[in-house]
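Peer 1: Numbering (this note's numbering), first residue to last: 4 to 290.
First the structure, then my questions, so here it is.
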């Protein structure tokens, strides 16, 4: 496990995914307080049992009482345009998109830079467990900081479509923007690199994204910047493999490295910190 600081003060964060939980402590005005610790979930027991075990085992959680918790929820989500959003419709929309017999609490995040609202949910039993353990609990979709971050990524004077790709835990989030307008977003199950590339390029093609000219030595010289950029971020080994494969089909593929994006901030340079958690801590602190 990785703990980057022995200090235990700072706001407590959790990233909740299907296979693991990550804990972090961070205060924007005191970067040296940052500490991080992952915890791998045991699939044979419930999330609540895993949480209890993590509280016993994780050094980052020791000797803390009655504090608030901000949870980054990596779970299915759907979006509606900000101009069409009605709070009272959230539960109906989510249940229509993701039917389930399990009782859930439904939440939403307003992402103004993308002119969208993200609707997501978490099992009611898990929410009640968190709320029993912490004085205040705030829930944020893991898509929210990504949309917030990518909404302005690559903005130029030219109104150009751009594709943002986030790969993690055998899933790939694909977001397509045109200027400040979010054209589409989807999350795909991608157990193989080829799956991530296929779904990304297929979605881009359907939206008329200009990938660049085919490989042909007889073509005139072209400028890479003339073609739609593909920004690829996420788990480093997946990110690099997907970017390399995508360059076979698209001209302008850019690998996003957090340490360079965020000026070598300790959060961005710490190994194992997921990209969505980095963007949440460093670029999305209005939530």
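Backbone N, C-alpha and C define an ideal beta-carbon position, used for all residues, glycine too.
These figures come from a predicted structure and were not determined experimentally.
Determine contact between the segment 238-255 and the segment 167-174, defined as no fewer than three beta-carbon pairs at a distance below 8 Å.
Peer 2: Touching, yes.
Peer 1: What is the DSSP secondary structure of residue 126, counted as helix, strand or coil?
Peer 2: strand
Peer 1: Considering only C-alpha positions, which residue in the set 204, 14, 63 and 55 is nearest to residue 71?
Peer 2: Check the Cα spacing between residue 71 and each of 204, 14, 63 and 55: the tightest is with 14.
Peer 1: Identify which residue in 132, 107, 30 and 80 has its Cα closest to the Cα of residue 55.
Peer 2: 132
Peer 1: In the structure shown, what three-state DSSP assignment does residue 287 receive?
Peer 2: Note: residue 287 maps to coil in three-state DSSP.
Peer 1: Could you tell me whether any non-hydrogen atom of the ligand NAP is closer than 7 Å to the CB of residue 77?
Peer 2: With respect to small molecules bound, the structure shown includes none, and the ligand NAP cannot be examined in it.
Peer 1: If residue 210 sits next to residue 190, beta carbons under 8 Å apart, how far is it from one beta carbon to the other, in whole angstroms?
Peer 2: 16 Å between Cβ atoms; not a contact.
Peer 1: Which partner residues does residue 104 have in the DSSP bridge list?
Peer 2: Residue 104 is not bridged to any residue.
Peer 1: Quick one: what does DSSP say residue 153 is sitting in, helix, strand or coil?
Peer 2: helix
Peer 1: For residue 197, I'd like the list of residues in its chain whose CB is within less than 8 Å of its CB, leaving aside the five on either flank, ordered along the chain.
Peer 2: 248
Peer 1: Does the pairing of the segment 85-104 with the segment 134-150 give three or more beta-carbon distances under 8 Å?
Peer 2: no
Peer 1: Is residue 73 buried or exposed, if buried means 16 or more other CB atoms sit within 10 Å of its CB?
Peer 2: buried
Peer 1: Have a look at 215, 251, 136 and 180 and flag the residue whose alpha-carbon is nearest the alpha-carbon of residue 200.
Peer 2: 251
Peer 1: Could you check what DSSP says for residue 57 in three-state terms: helix, strand or coil?
Peer 2: The answer is helix: DSSP assigns residue 57 an H, G or I state.
Peer 1: Based on Cα-Cα distance, which residue from 34, 109 and 285 lies nearest to residue 121?
Peer 2: Nearest option by C-alpha distance: 109.
Peer 1: Per DSSP, residue 164 forms a beta bridge with which residues?
Peer 2: 181, per the DSSP bridge assignment.
Peer 1: Which residues in the same chain have their Cβ closer than 7 Å to the Cβ of residue 187, if we skip the five residues on either side of it in sequence?
Peer 2: 179, 206 and 210
Peer 1: Label residue 40 either buried or exposed according to how many other C-beta atoms from any shown protein chain fall within 10 Å of its C-beta, with 16 as the threshold for buried.
Peer 2: buried
Peer 1: May I ask you to report which of helix, strand or coil DSSP gives residue 228?
Peer 2: helix
Peer 1: Once DSSP output is grouped into helix, strand and coil, what is the label at residue 137?
Peer 2: coil
Peer 1: Terminal residues of the continuous beta strand (DSSP E) containing residue 84?
Peer 2: 80-84
Peer 1: Can you tell me which of 126, 38, 16 and 12 puts its alpha carbon nearest to the alpha carbon of residue 268?
Peer 2: 38
Peer 1: Among the residues of its own chain, which have a CB less than 6 Å from the CB of residue 124, if the five just before and after it don't count?
Peer 2: For residue 124, where only same-chain residues beyond five positions count, the Cβ hits under 6 Å are 97, 107 and 109.
Peer 1: Within the continuous alpha helix (DSSP H) that includes residue 201, where are the two ends?
Peer 2: Counting along the chain, residue 201 sits inside the alpha helix (DSSP H) bounded by residues 196-209.
Peer 1: Span of the beta strand (DSSP E) holding residue 30?
Peer 2: 23-30
Peer 1: Is residue 286 near residue 99, with beta carbons less than 8 Å apart?
Peer 2: Result no, Cβ atoms of residue 286 and residue 99 do not sit closer than 8 Å.
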